[in-house]
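S.K.: Below you'll find the structure I mean.
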Amino acid sequence: MESKAKACSKVHAVCIPNPFQSHIKAMLQSAKLLHHKGFHITFVNTEFNHRWFLKSRGHHSLDGLPNFRFEAIPDGRDGLPASSYESSSTQDMYSLCENIINDVLLQPFLDPLAKLNDSSNNVNPAVSCIISDGFMAFTITAAQRLALPIALFFTISACSFKGLKQFQTLKEKGLFPLKDESCLKNEYLDSVIDWIPGMAA
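This is how it looks when you write it as structure tokens:
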């Protein structure tokens, strides 16, 4: 009973990265830091990435970590045999991005959250919050449905972030979107943009 009380006193963060290598690495590093500070962590990967993680690190590489566990959710490869994961070295990025944008991963993400919050679960504390990659918008819906706080974690570089912040200005200045196919052939793509503060041309 003491272990259940101790488990319940921990903050339980569910971390879910965008299912691409650099995003996973950055989220995993952040999750390790939170774990070091006393958080209980559940790290959610897609099945494809979970299998590749096990394949590269060994089948028992995720065992025996106190208060740090891994979960896998379907990633849109439904109906394919398990052997297809081993034979495929790359994800179908287009389909995966479509699944993320169209909230296909929402229910598969809600399922482990429900399991973790099950009152009969006497090993893990209830989920306290979600830490999600900022590009995984369906996690906001999940947090709202479960009345959980959510923090969005953007793993892109500062330069990329500053560039993304300029989309509206680029549109207002008529530089984006491209007007027609001729923009791909003339010198248009070589236009110098030297007005973004902190970003030299």
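The numbering used here applies: residue 4 is where the sequence shown begins, and numbers increase by one.
All C-beta atoms, glycine included, are put in the ideal place defined by N, C-alpha and C.
Since the structure is predicted, the reported quantities are computational estimates derived from the model, not experimental observations.
To the nearest angstrom, how far is the alpha carbon of LEU105 from that of LEU181?
M.R.: Looking at the sequence provided, one finds Asn at residue 105 rather than Leu. Whole-angstrom Cα-Cα distance: 25 angstroms.
S.K.: According to DSSP, what are the bridge partners of THR49?
M.R.: Partner(s): ILE76.
S.K.: Roughly how many angstroms lie between the CA atoms of LEU109 and THR144, to the nearest whole one?
M.R.: The alpha-carbon of LEU109 is positioned some 8 angstroms away from that of THR144.
S.K.: On the CB-based measure, 16 or more other CB atoms within 10 Å of its CB, does LYS7 come out buried or exposed?
M.R.: The predicted position of LYS7 is uncertain, since its pLDDT is 48 and thus under 50; no value can be drawn from it.
S.K.: Within 10 Å of its beta-carbon, does ALA161 have 16 or more other beta-carbons around it, so buried, or fewer, so exposed?
M.R.: exposed
S.K.: What did DSSP end up calling ALA209 once you bin it into helix, strand or coil?
M.R.: The first residue shown for the chain is 4 and the last is 204, placing residue 209 beyond what the model contains.
S.K.: Would you check if the distance between the CB atom of PHE156 and the CB atom of SER135 is smaller than 8 angstroms?
M.R.: Yes, these two residues count as a Cβ contact at 8 angstroms.
S.K.: Which term fits VAL195, buried or exposed, when burial requires 16 or more other beta carbons within 10 angstroms of its beta carbon?
M.R.: exposed
S.K.: In terms of alpha-carbon separation, which member of ALA29, LEU37, ILE27 and GLN24 lies closest to LYS13?
M.R.: If we check each option's Cα against that of LYS13, LEU37 comes out closest.
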